[in-house]
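Peer 1: Residue numbers (this note's numbering): 5 to 142.
All residues carry an ideal CB built from backbone N, CA and C; glycine is no exception.
Here the structure is a predicted model, which means the values were calculated and not measured.
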């Protein structure tokens, strides 16, 4: 297993754990998300900007996703906060995970390609500390 894969697995497990916490455990999630949380925007370097292009290509006439925030977690691993805007058909992504509503996806950059590694959907938006924290930063 490569270093990127092991880090991606760790991050996915952590996000799954944090997303199952109740709002009472907000401080646990906040501790993870607020440390060195540097967001990217479209005006930054071409490599970072290409992530926006990759994500915008997910949109089509039936589904629209809005990029809320992107964080570089480790070298080539990005955490992306997406918001589902409208659409009639849900899209199925990597590992047959459905993304709609407010979601986090993990993207890995391998050479010049970007791949969706994992996705986490917030089942209970208001009860999730991650959702609350991301909304705070949006």
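Buried or exposed for residue 111, please, with buried defined as at least 16 other CB atoms from any protein chain shown within 10 angstroms of its CB.
Peer 2: On the chain shown, residue 111 is found 107 positions in, with the first residue counted as 1. Buried, because 16 or more other Cβ atoms sit within 10 Å of the Cβ of residue 111.
Peer 1: How big is the Cα-Cα spacing for residue 31 and residue 18?
Peer 2: The count along the chain shown starts at 1 and reaches residue 31 at position 27. The count along the chain shown starts at 1 and reaches residue 18 at position 14. Residue 31 and residue 18: Cα-Cα distance of roughly 14 Å.
Peer 1: Based on the DSSP output, what are the partners of residue 25 in its beta bridges?
Peer 2: Taking the chain shown and counting its residues from 1, one reaches residue 25 at position 21. DSSP, once it has assigned bridges, lists no residue as partnering residue 25.
Peer 1: Could you have a look at residue 80 and say whether DSSP puts it in helix, strand or coil?
Peer 2: Position 76 of the chain shown, counting from 1, holds the residue named residue 80. The answer is coil: DSSP assigns residue 80 none of H, G, I, E or B.
Peer 1: Quick one: what does DSSP say residue 115 is sitting in, helix, strand or coil?
Peer 2: Indexing the chain shown from 1 puts residue 115 at position 111. In this structure, residue 115 counts as coil in the three-state DSSP scheme.
Peer 1: Got a sec? Which residues, its chain only, sit under 6 Å from residue 113 by beta carbon, not counting five neighbours each side?
Peer 2: Indexing the chain shown from 1 puts residue 113 at position 109. Around residue 113: 80.
Peer 1: In whole angstroms, give me the CA-to-CA distance for residue 74 and residue 109.
Peer 2: In the chain shown, residue 74 corresponds to position 70, counting from 1. In the chain shown, residue 109 corresponds to position 105, counting from 1. Looking at the two C-alpha atoms, the distance is approximately 10 Å.
Peer 1: Given this structure, state the Cα-to-Cα distance separating residue 57 from residue 78, to the nearest angstrom.
Peer 2: Reading the chain shown from its first residue, position 53 is the one you call residue 57. Reading the chain shown from its first residue, position 74 is the one you call residue 78. Approximately 20 Å between the Cα atoms of the pair.
Peer 1: In whole angstroms, what separates the C-alpha of residue 6 from that of residue 29?
Peer 2: Numbered from its first residue, the chain shown carries residue 6 at position 2. Numbered from its first residue, the chain shown carries residue 29 at position 25. Going by the C-alpha atoms only, they are around 32 Å apart.
Peer 1: As a quick exercise: from 25, 82, 72, pick the residue whose alpha carbon is nearest that of residue 13.
Peer 2: For the purposes of this step, residue 13 is taken as residue 9 along the chain shown, with counting starting at 1. The shortest C-alpha separation from residue 13 is found at 82.
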